[in-house]
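Comments concern the structure below.
There are 2 protein chains.
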Amino acid sequence: MRTAILDHAIDLLVTEGAAALTMRRIASGIGASTKVLYTMFGGKEGLVDALYREGFARLRRAQQRAHRAEDPLTRLNDLAAAYRAHALAEPAYYRVMFEQAVPGYQPSAEALDAAESAFDASVEAVQACIDSGVFAPGDAREISKLLWAAAHGAVSLEIAGHFPPETAARRFHTLTAAVGQAFLADEHGQGRTS
Amino acid sequence: MRTAILDHAIDLLVTEGAAALTMRRIASGIGASTKVLYTMFGGKEGLVDALYREGFARLRRAQQRAHRAEDPLTRLNDLAAAYRAHALAEPAYYRVMFEQAVPGYQPSAEALDAAESAFDASVEAVQACIDSGVFAPGDAREISKLLWAAAHGAVSLEIAGHFPPETAARRFHTLTAAVGQAFLADEHGQGRTS
DNA sequence: AAAATTGGGTAACAGCGTTACCTCCGAGTT
DNA sequence: AACTCGGAGGTAACGCTGTTACCCAATTTT
Numbered sequence: 016m017r018t019a020i021l022d023h024a025i026d027l028l029v030t031e032g033a034a035a036l037t038m039r040r041i042a043s044g045i046g047a048s049t050k051v052l053y054t055m056f057g058g059k060e061g062l063v064d065a066l067y068r069e070g071f072a073r074l075r076r077a078q079q080r081a082h083r084a085e086d087p088l089t090r091l092n093d094l095a096a097a098y099r100a101h102a103l104a105e106p107a108y109y110r111v112m113f114e115q116a117v118p119g120y121q122p123s124a125e126a127l128d129a130a131e132s133a134f135d136a137s138v139e140a141v142q143a144c145i146d147s148g149v150f151a152p153g154d155a156r157e158i159s160k161l162l163w164a165a166a167h168g169a170v171s172l173e174i175a176g177h178f179p180p181e182t183a184a185r186r187f188h189t190l191t192a193a194v195g196q197a198f199l200a201d202e203h204g205q206g207r208t209s
Numbered sequence: 016m017r018t019a020i021l022d023h024a025i026d027l028l029v030t031e032g033a034a035a036l037t038m039r040r041i042a043s044g045i046g047a048s049t050k051v052l053y054t055m056f057g058g059k060e061g062l063v064d065a066l067y068r069e070g071f072a073r074l075r076r077a078q079q080r081a082h083r084a085e086d087p088l089t090r091l092n093d094l095a096a097a098y099r100a101h102a103l104a105e106p107a108y109y110r111v112m113f114e115q116a117v118p119g120y121q122p123s124a125e126a127l128d129a130a131e132s133a134f135d136a137s138v139e140a141v142q143a144c145i146d147s148g149v150f151a152p153g154d155a156r157e158i159s160k161l162l163w164a165a166a167h168g169a170v171s172l173e174i175a176g177h178f179p180p181e182t183a184a185r186r187f188h189t190l191t192a193a194v195g196q197a198f199l200a201d202e203h204g205q206g207r208t209s
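Just so you know, the protein sequences line up as chains B and R, in that order. To convert, take the position in the first sequence, counting from 1, and add 15; that gives the working numbering. To convert, take the position in the second sequence, counting from 1, and add 15; that gives the working numbering.
Structural data, given as C-alpha cells:
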C-alpha cells in the first residue's frame, strides 16, 4: 500500500512535474481517499520526504552501477558522467532533491544524512585516486564534496536553462576535469590549492 | 504604482519567503485589490518574472560594487566572494533566480539573456587575467561561466543544507580557487584542461 | 457474543490563482 | 457645458490546493 502510493507519486512527479504532485491526484490515482495519505505519511511534507530519500537512493544506485572501471581517475570521470545523466534523466526528481520544488519542504537532518550516502561511491573513487598516487594525499570526503558541488553547479545551471544543450555537456566535463586537476599529485610543481 | 507592487512583493519574498508571495497578500499589502496585479503584470508569472529580472539586476550591481581591486586575480576572487555574500544575504531571492521557488515559473529566453548581463563584470575580470598573462589565452566568457557554475554549485549546496556553515565558506573558496587554477598560464608545465 | 479500537470515506474549511461582472472616474466629442 | 464612452479597479465567485472533523464499518479484544 505504502509502495503503491509512492509509486504513483513518483509517476506523477516524473511525468507531469512537481506541480501535479497533489494529495488529491495521488489519492484518486490509487483509487483511495486523501485520508490514507495522511495516516500513512502524516501530510505532504512526510510524503515529499519519502520522495526525497527515494531520489537519493536512486542516485546512489546509479552511482554504484557506474562504479566499474579499473583506472581510478576513469572511474571518477564515469561517476561524474553518471551523475549528470541521472539528473537529466529525471529533472523533476532532481528539483525535489536540490531545488525545493515542493514549496514547504525542507529536508530534516536525518534526510540530509541519508542523502550523503549517495556519494559513498564517489568518496571511494577519490580515495582510490589518492591511494594509487594519482591524487595528492588529502581528505577524500572533502574532495568528493567539492567535485559534487562542481557537478551540481553545472547540472543545475543546465536545468535552469542557463547552459544551452549543445554546450552543457562540454562545460560539465571541462569543469569537473578542472576541479579534479587541482588535486592531482604534485608531479609538475604546479601550485597546490589551499 | 508598479514599483509599489514590486517593493511590497520583494519585501514579502525577503522577509517571509516565497511561500508568502501570494497575489492576495501583495494586493492587500498595498491596500488594493488583486485585479491591479493582473492588469499590471498579467498574472503571477509576470510578477515573478519581474522579480527574477530584479534579482539579477541586484546581483549585477553587487558585482559591480566589488569590481575594484587592481590585481586581476584578486578582482576575480573578490567577485566570487561577493557572489556568495549576495546569495546568502537574500536566499529567498536566490531561490527565485536559480531554483524555481515559485512553482510554475520558467524564465523566458529574454529573461535568461537579461540574467547573463549580471556576469559582465566577471567576464571582464577573466579577460583582464588573460590579457595580463595570469591566465592562459582562452574564451573569457566561457571561463567565466565555468567559474559561475562552480560558485553556484557551492552556494546552492550550502543553502540546501548540505554544507554546514562552518565549512561552507572554506569549500566555496577552495572550489573556486581550484577552478581558477586550471586556467592559469602554463608556467609550470601542468596539464591543460581540454 | 459484545465491546472497543482502528482505518478509511465524505465533506467541509481556509487559502490559493484567476476572472466575470459591475461600478465609476476621467477624457474626448458634440 | 453636457454627454458619451472606454478602461481601470473593486466584489465576489470558481475551481483548485492541503488539511481535518465527523462518521461508519470492520476488525480485534475481552
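All C-beta atoms, glycine included, are put in the ideal place defined by N, C-alpha and C.
Check the C-beta distance from residue i over to residue j and give it rounded, since I have them as a contact under 8 Å.
i                 : j                 : result
Leu21 of chain B  : Glu60 of chain B  : With a Cβ gap of about 15 Å, Leu21 of chain B and Glu60 of chain B do not count as contacting.
Leu172 of chain R : Val194 of chain R : Actually they are not in contact, since the Cβ atoms of Leu172 of chain R and Val194 of chain R sit about 15 Å apart, beyond 8 Å.
Ala143 of chain B : Pro87 of chain B  : 4 Å
Ala42 of chain R  : Val51 of chain R  : 7 Å
Are the CB atoms of residue i and residue j nearer to each other than 9 Å?
i                 : j                 : result
Met38 of chain B  : Phe71 of chain B  : no
Ala9 of chain B   : Gly44 of chain R  : No answer is possible for residue 9 of chain B: it lies beyond the span of chain B, which begins at 16 and ends at 209.
Arg73 of chain R  : His82 of chain R  : no
Asp93 of chain B  : Ala84 of chain B  : yes
His177 of chain B : Glu114 of chain R : no
Ala126 of chain R : Tyr67 of chain R  : yes
Ala192 of chain R : Pro122 of chain B : no
Select from the options the residue whose C-alpha is nearest the C-alpha of residue i.
i                 : options                                : result
Gln79 of chain R  : R:Thr49, R:Ser43, R:Ala126, R:Glu139   : R:Glu139
Lys217 of chain B : R:Ser147, R:Ile158, R:Ala183, R:Ser159 : Residue 217 of chain B lies beyond the range of chain B shown here (16 to 209); nothing can be said about it.
Thr18 of chain B  : B:Phe56, B:Ala84, B:Lys50, B:Ser132    : B:Phe56
Gly119 of chain B : B:Ala24, B:Asp86, B:Leu62              : B:Leu62
Gly46 of chain B  : B:Ala24, B:Val29, B:Glu181, B:Leu66    : B:Ala24
Ala77 of chain R  : R:Ala192, R:Ser137, R:Val29, R:Gln196  : R:Ser137
Asp135 of chain R : R:Arg40, R:Thr191, R:Ile158            : R:Ile158
Arg156 of chain B : B:Thr54, B:Asp26, B:Phe198, B:Thr49    : B:Phe198
His188 of chain B : B:Tyr53, B:Asp201, B:Val170, B:Ile174  : B:Val170
Ile145 of chain R : R:Leu190, R:Glu181, R:Ala200           : R:Ala200
Within 10 Å of its beta-carbon, does residue i have 16 or more other beta-carbons around it, so buried, or fewer, so exposed?
i                 : result
Arg186 of chain B : buried
Asp128 of chain R : exposed
Pro179 of chain B : exposed
Val29 of chain R  : exposed
Arg207 of chain B : Because Arg207 of chain B sits at a pLDDT of 49, beneath the cut-off of 50, its placement in the model cannot be relied upon, and the point is left open.
Ala116 of chain B : buried
Leu27 of chain B  : buried
Original post:
Does the region 144-152 of chain R touch the region 97-106 of chain R, meaning 3 or more C-beta pairs lie closer than 8 Å?
Top reply: no
**OP:** Answer yes if the region 21-34 of chain B comes into contact with the region 102-111 of chain B, meaning at least three C-beta pairs across the two stretches below 8 Å, and no otherwise.
**Re:** Here the region 102-111 of chain B makes contact with the region 21-34 of chain B; the two share three or more CB pairs at distances below 8 Å.
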